[in-house]
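Offset between the sequence shown (1-based) and the working numbering: plus 39. Here the structure comes first, spelled out in C-alpha cells, and everything after it is commentary.
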Amino acid sequence: MPALNIEFSESEMARLRDRAALTGKSLKQHVHDVTVDEADRIAFVEGAVAEAERILPGVTERFPAGLR
C-alpha cells in the first residue's frame with residue numbers, strides 16, 4: 040500500500056495527537072481520515088458550485104433585480 044512521510048513542527052504534532060485522542064483514533068488513522076475527509080469535502084463543494092451555476096441563471100430570471 041502506498042505511504043506518505045510528512046514532517047510536522049512540534050506544536051503541529053501536539054495538536055494532531057490531541058485531536059486523535061479526542062476522536063479515539065490512533066495518530067496515523069486520524070491523519071488519514073482528516074486527509075480523506077478533506078478530499079471528499081472539496082469534491083462535494085465543487086459539485087455544489089457546479090449545480091448552483093447550472094440552476095442559478097434560471098432562478099435569477101424569475102426574481103426582480105431588487106431581490107437579488
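We put the CB at the ideal spot given by N, CA and C, even for glycine.
| query | result |
| --- | --- |
| Alpha-carbon to alpha-carbon, H69 and T62 | 8 Å |
| Beta-carbon gap between K64 and D76 smaller than 9 Å | no |
| I11 versus L66, E92, R58, D57, residue with shortest Cα-Cα distance | The displayed coordinates of the chain run from 40 to 107. Any statement about residue 11 would go beyond what the structure contains. |
| Alpha carbon of E51 to alpha carbon of A59, nearest angstrom | 12 Å |
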